[in-house]
DNA sequence: CTGTTAGCGCGTTCAA
DNA sequence: TTGAACGCGCTAACAG
């Protein structure tokens, strides 16, 4: 391991001043062509790399955008990450992804790292344990642009890209009602999070509209797994009034339910209808294929980045609220 | 947006020298308790955050580790990312994930960003288009520790965590042969990558050992999708000698094959056996469930981080080769 | 216990 | 066209 080469090293070696080297490296026109070529050749030869810490210390921001998600290995998030990374790269930015692991403390640590390192901007979806937005507000304090997508903090003045969860869940519930299902259950996450709360309201209001008295909402705070899904169905079928349809926020949970339904000899969709949020590939290789609610990840990713870039380039002020709603869509398959 | 608060600001406000503030903030014992409390209180009150650019400029490395993967939305990688993030966090590091998108230019840009920002270390799996390791070697030049996992550059002196792809593919092929399958095909990625090359060798050598003359290897360089899988089976079934078993490197491809097999009225496993690499959940909700080759992501993640941490703490020198082999495992299910 | 000073690498003055 | 000097925020070495 050799010592990192600096502009001073180059200057000394070529008998010019380091400020001349600095100018040459940035193609400043006020430098002799031959000097510049000499410097550039030497720099390339010796793998010179700007020390961004020095540059950023002087107040210049970098081209790295932080993306914070609760879980990287969820189809919804990993698809968004993937699209966002590509969109940003085309605009000259590098996306750096952080996983909060649904953990408040980690989320705070991540934000602190981002501030300490002067990232250009942040795109985030909050953890399900986040009830305090102080750390996100810090970003504003430090002049770092922030865009929320999907899960957000209500009390913050910042752009948000959200899914019309209320409307689509209302629509899905109504669809089940019109199909003749009578006892529709709803499985979702902690309802202090906007996403899950919107879904719950959509579900409840559809029931009210159609004067359905059976209402069963399960708000789960554990990690969604296939095993948990199996257990859920076992519990649900143990009750007096068993549901004949389930709207669920988690593909894994629903897969577990479907597997358990087989063991119970429940026919899907005759005995039990299923609708699930997400685009997990498992839903289309299952038999029957699951009816899903698709939340166009491409559109969310593009919108979020577009908003962030405007803030980075100061085309849009930091700390101004603005909400973009993306339409989810029911993909009708065989499970209803 | 207010100006970022610095130790000098605090010093001026509290009528002490900024070096005292610096000491107080780092709990240096050589500072009066009351002074320290005053400083800490003021800092907390005003959301002071260390400017890491200044700290790193002085040669101290940060606690951020970069993780480079070809694709974030592949189960194998997203599982590793998830575990690695948690393992690193417990040791006091923050993982920052970059996606090369199987693109050489992006990979180079990512490495440059990492060098410019002085990351503590790098854990990487190379893109399928990478044939030159110059950019990775640069990391060594700049004293940034590097650990490869899964896909690596042959010609580099650095720790590597690899899967025993040769042995496990040999075993899988032999398993199919012993089950009586006669025309076994192999679908994989570009074989200049160690992973795919090892699998190809394992496949071929098993055929040779058992004197099988039917050999059909397809080396695909496109993105693996369900659609491509369907097309693959269409092509394969168009040939004179149709395979009766397929070992595949991609879950998506294999899902496509399974779906297309249904349309062809091919029974699995009677007419067509399938074995696929990976732990994608789709493989266990399908009917029949797919026999898979599982490559313990936990173990890979833990080993890779352990090695990297040793290099970061200088317990192990940078630029020294060392290969850890992780054992993959065949999960026997219904598709063979 | 606290203050002074210097320097990390860079870019931007201002001067020549 | 080039050089000299300064400062971004921080810490370490030294002085008091």
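Residue numbers (the numbering used here), protein chains in the order written: chain A, -1 to 334; chain B, -1 to 334.
Backbone N, C-alpha and C define an ideal beta-carbon position, used for all residues, glycine too.
Keep in mind that this is a model prediction, so the values were computed, not measured.
I want to check one thing, is the minimum distance from the CB of residue 228 of chain A to the heavy atoms of the ligand HEM below 6 Å?
With respect to the ligand HEM, the structure shown offers nothing to examine, as it has no ligands at all.
Listed from N- to C-terminal order along the chain, which residues in the stretch 101 to 132 of chain A have their beta-carbon within a distance smaller than 8 Å of any beta-carbon of chain B?
Contacts with chain B (Cβ-Cβ distance below 8 Å) from the stretch 101 to 132 of chain A involve 104, 107, 108, 110, 111, 113, 114, 115, 116, listed in chain order.
Is residue 212 of chain B helix, strand or coil by DSSP?
Looking at residue 212 of chain B - three-state DSSP - the assignment turns out to be coil, as it is neither helix nor strand.
N-terminal and C-terminal residue of the beta strand (DSSP E) that residue 67 of chain A is part of:
62 to 67 is the extent of the beta strand (DSSP E) around residue 67 of chain A.
Check each candidate in B/3, B/226, B/113 and name the one with the smallest Cα separation from residue 48 of chain A.
Its Cα nearest to that of residue 48 of chain A, the residue B/113 stands out among B/3, B/226, B/113.
Using a Cβ cut-off of 7 Å, pull out every chain A residue sitting near residue 87 of chain B, in sequence order please.
Chain A residues near residue 87 of chain B: 104.
Figure out for me which residue from A/111, A/104, A/116 has the closest Cα to the Cα of residue 128 of chain A.
When C-alpha distances from residue 128 of chain A are compared across A/111, A/104, A/116, the shortest belongs to A/104.
So residue 37 of chain A is in the alpha helix (DSSP H); what residue range does that whole segment cover?
Its alpha helix (DSSP H) spans residues 31 to 43.
Terminal residues of the beta strand (DSSP E) in which residue 125 of chain A lies:
From DSSP, residue 125 of chain A is part of no beta strand (DSSP E); its letter is neither H nor E.
Closest Cβ-Cβ distance between residue 232 of chain B and chain A: below 7 Å?
Between residue 232 of chain B and chain A, the shortest Cβ-Cβ separation is not below 7 Å.
Three-state class that DSSP yields for residue 320 of chain B in the structure shown
When secondary structure is reduced to three states using DSSP, residue 320 of chain B falls in the strand class.
Taking residue 322 of chain B as the reference, which of B/145, B/2, B/38, B/290 has the closest Cα?
Nearest in C-alpha terms to residue 322 of chain B, of all of B/145, B/2, B/38, B/290, is B/145.
For a minimum of 3 consecutive residues, which ranges assigned as the beta strand (DSSP E) are wholly contained in the stretch 74 to 134 of chain B?
Entirely contained in the stretch 74 to 134 of chain B, the beta strand (DSSP E) runs reaching 3 residues are, in chain order, 92 to 97, 119 to 122.
How would you label residue 313 of chain B, buried or exposed, when you count the other beta carbons within 10 angstroms and need 16 or more for buried?
Here residue 313 of chain B is exposed. Its C-beta has fewer than 16 other C-beta atoms within 10 Å.
Quick check on the DSSP output: the beta strand (DSSP E) that includes residue 168 of chain B runs from which residue to which?
From DSSP, residue 168 of chain B is part of no beta strand (DSSP E) but of the alpha helix (DSSP H) over 163 to 176.
Which residue from A/300, A/165, A/301, A/180 puts its Cα closest to that of residue 194 of chain A?
Of the candidates A/300, A/165, A/301, A/180, the one whose C-alpha sits nearest the C-alpha of residue 194 of chain A is A/165.
Residues of chain A with CB under 8 Å from residue 256 of chain B, in chain order?
Correct list: 283.
Could you work out which residues of chain A lie near residue 76 of chain B, taking near to mean beta carbons separated by less than 7 Å?
Simply 70, 71, 76.
Just checking, does the stretch 118 to 135 of chain B make contact with the stretch 259 to 277 of chain B on the three C-beta pairs under 8 Å criterion?
No: fewer than three Cβ pairs fall under 8 Å.
Which residue wins for smallest C-alpha separation from residue 85 of chain A, given the options A/206, A/299, A/255, A/240?
Among A/206, A/299, A/255, A/240, the Cα nearest to that of residue 85 of chain A is on A/299.
Can the beta-carbon of residue 311 of chain B be found less than 7 Å from the beta-carbon of residue 247 of chain B?
Going by C-beta atoms, residue 311 of chain B is not nearer than 7 Å to residue 247 of chain B.
Report the partner residues of residue 183 of chain B according to the DSSP bridge assignment.
Answer is B/214, B/244.
Check the Cβ of residue 280 of chain B against every Cβ in chain A and list those closer than 7 Å, keeping chain order.
In chain order: 279, 280, 283.
Classification of residue 18 of chain B by the beta-carbon crowding that lies within 10 angstroms, buried from 16 upward
Per the 10 Å Cβ criterion, buried.
Beta-carbon separation of residue 63 of chain A and residue 122 of chain A under 7 Å?
No, Cβ-Cβ distance for residue 63 of chain A and residue 122 of chain A is not below 7 Å.
Flag residue 66 of chain B as yes if its beta-carbon sits less than 7 Å from any beta-carbon of chain A, otherwise no.
Cβ-Cβ to chain A under 7 Å: no for residue 66 of chain B.
Rounded straight-line distance, which links the Cα of residue 201 of chain A to that of residue 60 of chain B
When rounded, the separation of the alpha-carbon atoms in residue 60 of chain B and residue 201 of chain A is 47 Å.
Exposed or buried, what is residue 207 of chain B when buried is set at 16 or more other beta-carbons lying within 10 Å of its beta-carbon?
So residue 207 of chain B ends up on the exposed side.
Taking 6 Å as the limit between beta carbons, can you name the residues of its chain near residue 10 of chain A, skipping five residues before and five after?
Sequence-distant Cβ neighbours of residue 10 of chain A in its own chain, meaning closer than 6 Å and more than five residues away, do not exist here.
At what residues does the beta strand (DSSP E) containing residue 272 of chain A begin and finish?
Start and end: 271 to 275.
Exposure label - residue 325 of chain B; buried when at least 16 CB within 10 Å
Exposed, since its Cβ has fewer than 16 Cβ neighbours within 10 Å.
If we ignore side chains and look at the alpha-carbon of each, how far apart do residue 44 of chain A and residue 332 of chain B end up?
Their backbone Cα atoms lie some 57 Å apart in a straight line.
Given that residue 47 of chain B touches chain A, what residues does it touch there, using C-beta distances under 8 Å?
Correct list: 110, 113, 114, 136, 140.
Which value, in whole angstroms, describes the spacing of the CA atoms of residue 53 of chain B and residue 115 of chain A?
For the pair residue 53 of chain B and residue 115 of chain A, the Cα-to-Cα distance works out to about 10 Å.
Residue burial classification, residue 320 of chain A (beta-carbon count within 10 angstroms, cutoff 16):
Exposed, because fewer than 16 other Cβ atoms sit within 10 Å of the Cβ of residue 320 of chain A.
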